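Note that the protein sequences, when read in sequence, are chains A and B. Sequential numbering of the first sequence, starting at 1, is according to the working numbering. Sequential numbering of the second sequence, starting at 1001, is according to the working numbering.
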Amino acid sequence: MKLLEPGTEIDGFTVLECIHSGGMAHIYRVEYAVGAPNPGFPLAMKIPRMTAGDGAENIVSFEVELQILPVLTGPHVPRFVAAGDLERLPYLVMEYLTGRTLQHWLDAAGRPDVATIARLGAAMGRAAHSLHQQNVCHLDLKPGNVLFTHDDHAVLLDFGLSCHAHYPDLLAEELRRAVGSPAWIAPEQVVGVRGDPRSDIFAIGVMLYELATGELPFGAPTTPGGLRQRLWMSPMPPRQHRPDLPEWLQETILRCLEPEAAKRHPSAAHLAFDLAHPDQVPVTERGQRQRGPGARTHFKRWIKAAGMHYQPSPLPTRQIEEVPIVMVAVPHDDVTDATLYSLRQAVGRSLGIRPGARLACVTVISPSASSSTDSEHSETALHRQHRARLRQWAEPLDLADHSVSYHVLEAGDVAQALVRYAEGNQVSMMILGAATHGLQTQRFIATVPMRVARDAPCTVILVKQALPFAQLAREYSE
Amino acid sequence: MKLALLSDIHSNRQALDACMDHARAQGAQHFAWLGDLVGYGADPGYVVRQAMALVAEGHCVIGGNHDALAVHPPAPGDRAASTVAAQGAGWTHNQLTPPERAFLANLPLVAEVGGVLLVHASADAPERWRYVDNEAVAGQCLDAAAQRPGIRHVFCGHVHRQTLYYRGTGRGLMRFAPQPGVAIPVAPRRQWVATIGSVGQPRDGDPRAMYALLDTDAWLLRFERVPYDHAAAAAAIRATNAMPDYFALRLEAGR
Chain A
1 MKLLEPGTEI DGFTVLECIH SGGMAHIYRV EYAVGAPNPG FPLAMKIPRM
51 TAGDGAENIV SFEVELQILP VLTGPHVPRF VAAGDLERLP YLVMEYLTGR
101 TLQHWLDAAG RPDVATIARL GAAMGRAAHS LHQQNVCHLD LKPGNVLFTH
151 DDHAVLLDFG LSCHAHYPDL LAEELRRAVG SPAWIAPEQV VGVRGDPRSD
201 IFAIGVMLYE LATGELPFGA PTTPGGLRQR LWMSPMPPRQ HRPDLPEWLQ
251 ETILRCLEPE AAKRHPSAAH LAFDLAHPDQ VPVTERGQRQ RGPGARTHFK
301 RWIKAAGMHY QPSPLPTRQI EEVPIVMVAV PHDDVTDATL YSLRQAVGRS
351 LGIRPGARLA CVTVISPSAS SSTDSEHSET ALHRQHRARL RQWAEPLDLA
401 DHSVSYHVLE AGDVAQALVR YAEGNQVSMM ILGAATHGLQ TQRFIATVPM
451 RVARDAPCTV ILVKQALPFA QLAREYSE
Chain B
1001 MKLALLSDIH SNRQALDACM DHARAQGAQH FAWLGDLVGY GADPGYVVRQ
1051 AMALVAEGHC VIGGNHDALA VHPPAPGDRA ASTVAAQGAG WTHNQLTPPE
1101 RAFLANLPLV AEVGGVLLVH ASADAPERWR YVDNEAVAGQ CLDAAAQRPG
1151 IRHVFCGHVH RQTLYYRGTG RGLMRFAPQP GVAIPVAPRR QWVATIGSVG
1201 QPRDGDPRAM YALLDTDAWL LRFERVPYDH AAAAAAIRAT NAMPDYFALR
1251 LEAGR
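1. Should threonine 1169 of chain B be flagged as near chain A, meaning a C-beta pair shorter than 8 Å?
2. Sort out for me which residues DSSP pairs glutamate 1112 of chain B with in a bridge.
3. Spatial neighbours of alanine 1194 of chain B within its chain, please: CB distance less than 6 Å, with the 5 preceding and 5 following residues excluded, ordered by chain position.
4. For the stretch 341-414 of chain A, list the beta strand (DSSP E) runs that are entirely contained and at least 3 residues long, ordered along the chain.
5. Using three-state DSSP, classify leucine 120 of chain A as helix, strand or coil.
6. With a threshold of 6 Å on Cβ separation, who are the neighbours of valine 1119 of chain B within its own chain once the five nearest residues in sequence on each side are excluded?
7. Between valine 281 of chain A and glutamate 322 of chain A, is the Cβ-Cβ spacing less than 8 Å?
8. Given this structure, state the Cα-to-Cα distance separating lysine 46 of chain A from arginine 1190 of chain B, to the nearest angstrom.
9. Where proline 1180 of chain B and arginine 194 of chain A are concerned, what is the direct C-alpha to C-alpha distance, given to the nearest angstrom?
10. Would you list the one or two residues that DSSP bridges to proline 48 of chain A?
11. Could you check the C-alpha separation between tyrosine 1131 of chain B and threonine 1169 of chain B for me, to the nearest Å?
12. Would the beta-carbon of serine 463 of chain A fall within 8 Å of that of alanine 346 of chain A?
13. Distance, Cα to Cα, isoleucine 10 of chain A vs isoleucine 27 of chain A?
14. Beta carbons nearer than 7 Å to chain A: which residues of the stretch 1178-1200 of chain B have them?
15. Can you give me the C-alpha to C-alpha distance between leucine 66 of chain A and phenylalanine 80 of chain A, rounded to a whole angstrom?
16. Report yes if the CB atom of threonine 213 of chain A is closer than 8 Å to the CB atom of arginine 242 of chain A, and no otherwise.
17. For the stretch 1040-1057 of chain B against the stretch 1090-1098 of chain B, are there 3 or more C-beta pairs whose distance is under 8 Å?
18. Select from the stretch 80-100 of chain A all residues with a C-beta closer than 7 Å to any C-beta belonging to chain B, and list them in chain order.
19. In chain order, what residues of the same chain lie with their CB nearer than 8 Å to the CB of leucine 1220 of chain B, ignoring the 5 residues before and after it?
20. Under 8 Å between the Cβ atoms of valine 1038 of chain B and histidine 1072 of chain B?
21. Just curious, the beta strand (DSSP E) that leucine 245 of chain A is in, first and last residue?
22. In angstroms, rounded to a whole number, what distance separates the CA positions of arginine 276 of chain A and leucine 161 of chain A?
23. At the 8 Å Cβ level, is aspartate 169 of chain A part of the contact set with chain B, yes or no?
24. What do you get for leucine 171 of chain A, buried or exposed, if any count of 16 or more other CB atoms within 10 angstroms of its CB means buried?
25. For aspartate 1215 of chain B, which of helix, strand or coil comes out of DSSP?
26. Taking 8 Å as the CB-CB cut-off, is phenylalanine 1176 of chain B touching chain A?
27. Can you give the Cα-Cα distance for glutamate 247 of chain A and glutamine 290 of chain A, rounded to whole angstroms?
28. Tell me the start and end of each unbroken beta strand (DSSP E) in the stretch 100-187 of chain A that is at least 3 residues and wholly inside, in chain order.
29. Quick one, are the C-beta atoms of proline 316 of chain A and asparagine 135 of chain A less than 8 Å apart?
30. Rounded C-beta distance between alanine 272 of chain A and arginine 126 of chain A? I'm assuming under 8 Å.
31. Answer with buried or exposed for tyrosine 1246 of chain B, where buried requires no fewer than 16 other C-beta atoms within 10 angstroms of its C-beta.
32. Give the DSSP-derived three-state secondary structure of threonine 1163 of chain B in the structure shown.
33. Name, going along the chain, the residues of the stretch 1147-1165 of chain B whose beta-carbon falls closer than 7 Å to a beta-carbon of chain A.
34. If you measure from the beta carbon of alanine 172 of chain A to each beta carbon in chain B, is any gap under 8 Å?
35. Does chain D have any CB closer than 8 Å to the CB of glutamine 392 of chain A?
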């Protein structure tokens, strides 16, 4: 396929220069030809290679992208602008974003430090979660398809192999075949499952492994047998490549790479949460592992994998709704036992009907509380003390099936701190006391619960203190 | 062109009015009814008169097996008279005036509107009333339709369920269960077979009426579910004192 000359006009767009020439498509910078309105951001045009010599998959994946990109919204995808008719003149015009793809970090000399790996990983988790919330699985996440506009913000590119649960899957076929890039593809994709959000978590795991060690966990297999290997094989622990990696990071990466999707993080938001709160990752054998599982384990898994076959996936939004992050704001000043009791009851009920939920217990302390001595030691001690109190508060809850973490935030503005925490961690539901932080006394001022309810990006449950003690007392007196 | 596709109305006046109002509110300019106007329900006369008015305005109405049954109900004692479908066919017949019966008798079984093919059952043998309820029949239906020049889409009724069949990367057709209210791109680059569900006799456990909207400029297909007063429709069936109570019950349950 011949490259377009700068200055060529296509459907009202003027071609500037070619910025990418790949096997599937050419991408050009373009602008509106004179007279057309300016959208306020730079534009890129993607033109698929569709001449006789190019594969039929090119056309289908372009069709898929044409289906999906126009309906995607949010800050983690390029904005869609226009599309050309597939029969006459196929093209896609979208927002042109500047930044660096993950490939940039992989190509750089030396491996990034742990904090950078965690930051990049959390950004990828948040971006994937945003896609899953729109009922789309990307299914082709790889270093070239993840663009960082800055270190904390990832934009996902190229939806040619994606799957939108509300549209017919044009890449499906009756003889289910693996569709994806061999190095990053999840085991269930190998047997033809398209539409499990946890496949994207696996791909993020492969990229985190690459970032951390410079190696691909499963190599880049070229045969179906080589691909099937990941149905039963666990990769070499990352710490074996790079002993300075912390156990929590190995734990997180190997959890993403679990052959069984059910053993991975239940949603990309959970993964982002772990990467953002390393001190709260419970390290298991996975994190401490010195070498890959032995032949016995692999053989057992191999037997199990031999029976693995295609199964349809439920809607991505339904899957991730079942595994929300529930946050509870536990006050520490001016708080009655009744309030703490009622909060615990509400949390217990909320978790009880959501078996896969994780719980984040948060308390906000005043910054002045720890700065009095200005010693880092005393700050840690204060935080430790508050965390212990949170643990104590959560003790009576039945948390056997839930992951739980404890967080002490320092902020002068309690409502803002809670809202920011919910935003930053893809919290689905926040539980806080309705009468705490002065609701009763400040009728005309925006109180903490009111501001949180107004500004929070999620469902907010305000708990009134319906306390057994007071009720009992009243009943006795009547 | 925005084309509203309605099928299997089954003399259900309440469901029909709800779907037609919904479609007009969505901007539908053209209407196509895919057969089974009558049978089961209490208002055959109303539904047929609506159909006659539509045809007079240039819209499209085709016939289904229940319409044929109402014109020629099986005689009592006939083996065909014992089927569920035939129950009440005699009553329906008697509710219709001779011109209304003649209208039903003369309905075409296949029609082309806006470049798409419409048929009550499978296009490969419309008069045999085959159910398009699996990938294989959908494939045969599509193959027959594709004999006609320019046809890439076939819309059918008869099965009372909303399903979209399409070709993936393999050779056979794939089945897709659509989400109501979501516009699905159905570009003519591919071939499509859709069963649009039933207006007056939903049978998937959801009592809401079904129809579909097709935009033939943008090639977007939206399956719709419309709530309607099914209690009133059931009451009207009971008030006939001629139809089995079961016909009323199933509207309330959507079965």
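Note that the Cβ used here is the ideal one computed from N, Cα and C, for glycine as well. Just so you know, these numbers come straight off a predicted model, no measurement behind them.
This is what the structure gives:
1. Position 169 of the second sequence holds residue 1169 of chain B. By this cut-off, threonine 1169 of chain B is an interface position.
2. As a first step, residue 1112 of chain B is located in the second sequence; it is residue number 112 there, counting from the start. Note: glutamate 1112 of chain B sits in a beta bridge opposite B:Leu1117.
3. Here the question's residue 1194 of chain B lines up with position 194 in the second sequence. Excluding positions up to five away in sequence, the list reads Phe1155, Leu1164.
4. 358-365, 404-410
5. As a position in the first sequence, residue 120 of chain A is number 120, starting the count at 1. Three-state result, leucine 120 of chain A: helix.
6. Walking along the second sequence from the start, residue 1119 of chain B turns up at place 119. Counting only Cβ-Cβ distances below 6 Å, and skipping sequence neighbours, we find Val1110, Pro1126, Cys1156.
7. Working through the first sequence from its first residue, we reach residue 281 of chain A at position 281. Working through the first sequence from its first residue, we reach residue 322 of chain A at position 322. For valine 281 of chain A and glutamate 322 of chain A, no; Cβs fall outside 8 Å.
8. Position 46 of the first sequence, counted from the first residue, corresponds to residue 46 of chain A. Position 190 of the second sequence, counted from the first residue, corresponds to residue 1190 of chain B. In a straight line, the C-alpha of lysine 46 of chain A is about 22 Å away from that of arginine 1190 of chain B.
9. Within the second sequence, numbered from 1, the residue matching residue 1180 of chain B stands at position 180. Within the first sequence, numbered from 1, the residue matching residue 194 of chain A stands at position 194. Rounded to whole angstroms, proline 1180 of chain B to arginine 194 of chain A spans 22 Å at the Cα level.
10. Start at 1 with the first residue of the first sequence, and residue 48 of chain A comes out as number 48. Paired residues: A:Ala25.
11. Here residue 1131 of chain B is taken as the residue at index 131 of the second sequence, counted from 1. Here residue 1169 of chain B is taken as the residue at index 169 of the second sequence, counted from 1. In a straight line, the C-alpha of tyrosine 1131 of chain B is about 25 Å away from that of threonine 1169 of chain B.
12. For the purposes of this step, residue 463 of chain A is taken as residue 463 along the first sequence, with counting starting at 1. For the purposes of this step, residue 346 of chain A is taken as residue 346 along the first sequence, with counting starting at 1. The sequence given here places valine at residue 463 of chain A; serine does not occur at that position. It is a contact, given that the beta carbons lie within the stated cut-off.
13. Working through the first sequence from its first residue, we reach residue 10 of chain A at position 10. Working through the first sequence from its first residue, we reach residue 27 of chain A at position 27. Distance between the alpha carbons of isoleucine 10 of chain A and isoleucine 27 of chain A is about 13 Å.
14. Gln1179, Val1182, Ile1184, Pro1185, Ala1187, Arg1189
15. Residue 66 of chain A sits at position 66 when you count from the first residue of the first sequence. Residue 80 of chain A sits at position 80 when you count from the first residue of the first sequence. If you take the alpha carbons of leucine 66 of chain A and phenylalanine 80 of chain A, they lie about 10 Å apart.
16. Numbered from 1 along the first sequence, position 213 holds the residue referred to as residue 213 of chain A. Numbered from 1 along the first sequence, position 242 holds the residue referred to as residue 242 of chain A. Yes, Cβ-Cβ distance for threonine 213 of chain A and arginine 242 of chain A is below 8 Å.
17. yes
18. Leu86, Glu87
19. The residue labelled residue 1220 of chain B in the question sits at position 220 within the second sequence. Cβ within range, chain order: Ala1183, Ile1184, Pro1185, Val1186, Leu1214.
20. Stepping through the second sequence from its first residue, residue 1038 of chain B is reached at position 38. Stepping through the second sequence from its first residue, residue 1072 of chain B is reached at position 72. In this structure, histidine 1072 of chain B does not lie closer than 8 Å to valine 1038 of chain B by Cβ.
21. Position 245 of the first sequence, counted from the first residue, corresponds to residue 245 of chain A. From DSSP, leucine 245 of chain A is part of no beta strand (DSSP E); its letter is neither H nor E.
22. What you label residue 276 of chain A is simply residue 276 of the first sequence in a count that begins at 1. What you label residue 161 of chain A is simply residue 161 of the first sequence in a count that begins at 1. The identity of residue 276 of chain A in the sequence shown is alanine, whereas the question assumes arginine. If you take the alpha carbons of alanine 276 of chain A and leucine 161 of chain A, they lie about 29 Å apart.
23. Here residue 169 of chain A corresponds to residue number 169 of the first sequence, with the count starting at 1. True, the Cβ-Cβ gap to chain B drops below 8 Å.
24. Along the first sequence, read from residue 1 onward, the residue named residue 171 of chain A stands at position 171. Answer is buried; the Cβ neighbour count reaches 16.
25. Residue 1215 of chain B sits at position 215 when you count from the first residue of the second sequence. Note: aspartate 1215 of chain B maps to strand in three-state DSSP.
26. As a first step, residue 1176 of chain B is located in the second sequence; it is residue number 176 there, counting from the start. Output row for phenylalanine 1176 of chain B: interface = yes.
27. By one-based count along the first sequence, residue 247 of chain A stands at place 247. By one-based count along the first sequence, residue 290 of chain A stands at place 290. Roughly 11 Å between the two C-alpha positions.
28. 146-150, 153-156
29. Reading the first sequence from its first residue, position 316 is the one you call residue 316 of chain A. Reading the first sequence from its first residue, position 135 is the one you call residue 135 of chain A. The answer is yes: Cβ separation under 8 Å.
30. Looking up residue 272 of chain A in the first sequence gives position 272. Looking up residue 126 of chain A in the first sequence gives position 126. So it is a contact: roughly 5 Å between Cβ atoms.
31. In the second sequence, counting from the first residue as 1, residue 1246 of chain B sits at position 246. Tyrosine 1246 of chain B is exposed by the Cβ-count criterion.
32. The count along the second sequence starts at 1 and reaches residue 1163 of chain B at position 163. DSSP places threonine 1163 of chain B in strand when its eight states are reduced to three.
33. Leu1164
34. Taking the first residue of the first sequence as position 1, residue 172 of chain A is located at position 172. Chain B, which has a Cβ nearer than 8 Å to the Cβ of alanine 172 of chain A, makes this yes.
35. In the structure shown, chain D does not exist; the protein chains are A and B.
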